[in-house]
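Colleague: Okay, here's the structure, questions in a sec.
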Amino acid sequence: MQWIKTDNLCDTGIGGSGKGGMFQMWTVSRIVAMVILTGLSFMDYKIRKVPRDVLLLCMAGTVLYQAVTQNIDWMVSLGGGLIGMIFIGISKITREAIGYGDSLAILILGIYLGVWGLLEVLATSFFILGILALGCMTLRRKKSLAFPFYPFLTVGYLFGVCIGGL
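Here it is as structure tokens:
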């Protein structure tokens, strides 16, 4: 049985064909991931909770996707998952200062992107979050603020895709 490679389904040839085409970076899997992250970001922003069932379904889909496409080495994917497990431990230790939903999203992204892609997304996410926190401290807003983390993960992912790093 021959598998269809999903990475080239959206290659329209616009902006040049082959490597470097304008829309080639927007593969089906990346679009699906962006749509899911955007939906979860909206949910996290509005109700400050993401259903665990949705996350478990995303986890199963991600593992199945990696098993079928094998687009990254399984050790790199496992390393990304390990970072997610560390965040789950941090959630437990800090009594959900970083929520379990956020940590599960990091775990899922780690399996999907691998260790290096996940680190890129996390670095961007925490950098943007840090800038926002500095802005709030400068404006002397409330001393205690809590921000939903999914929107930052989404922006970090989008940034990584747009610069071609993921």
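Residues in the sequence shown are numbered from 3 upward in steps of one, following the numbering used here. In this text, a Cβ means the ideal position worked out from N, Cα and C, and glycines have one as well.
Verify whether the separation of the beta carbon atoms of I85 and L120 is less than 9 Å.
Modeller: Taking 9 Å as the Cβ cut-off, I85 and L120 qualify as a contacting pair.
Colleague: Have a look at G101 and F151 and give me their C-alpha separation to the nearest angstrom.
Modeller: Cα-Cα distance, rounded: 9 Å.
Colleague: How far does the alpha helix (DSSP H) with D75 in it extend, from its first residue to its last?
Modeller: Taken as a continuous stretch (DSSP letters only), D75 belongs to no alpha helix (DSSP H), as it is neither H nor E.
Colleague: Based on Cα-Cα distance, which residue from I110, L80, W76 lies nearest to L42?
Modeller: If we check each option's Cα against that of L42, I110 comes out closest.
Colleague: State the DSSP-derived secondary structure class of P153, mapped to helix, strand or coil.
Modeller: Helix.
Colleague: Express the C-alpha separation of V34 and A62 in angstroms, rounding to a whole number.
Modeller: The straight-line gap from Cα to Cα measures roughly 14 Å.
Colleague: To the nearest angstrom, report how far apart Q72 and L168 are at their CA atoms.
Modeller: Distance between the alpha carbons of Q72 and L168 is about 15 Å.
Colleague: Mapping DSSP to helix, strand and coil, what is A107?
Modeller: Correct three-state label for A107: helix.
Colleague: What did DSSP end up calling G166 once you bin it into helix, strand or coil?
Modeller: Here G166 sits in coil by DSSP.
Colleague: I'd like to check one pair, F89 with I74: are the Cβ atoms closer than 9 Å?
Modeller: For I74 and F89, no; Cβs fall outside 9 Å.
Colleague: Where does L58 sit, in a helix, a strand or coil, going by DSSP?
Modeller: In the structure shown, L58 sits in a helix (DSSP, three-state: H, G or I).
Colleague: Over the uninterrupted alpha helix (DSSP H) stretch that includes T40, give me the two end residues.
Modeller: 30 to 49 is the extent of the alpha helix (DSSP H) around T40.
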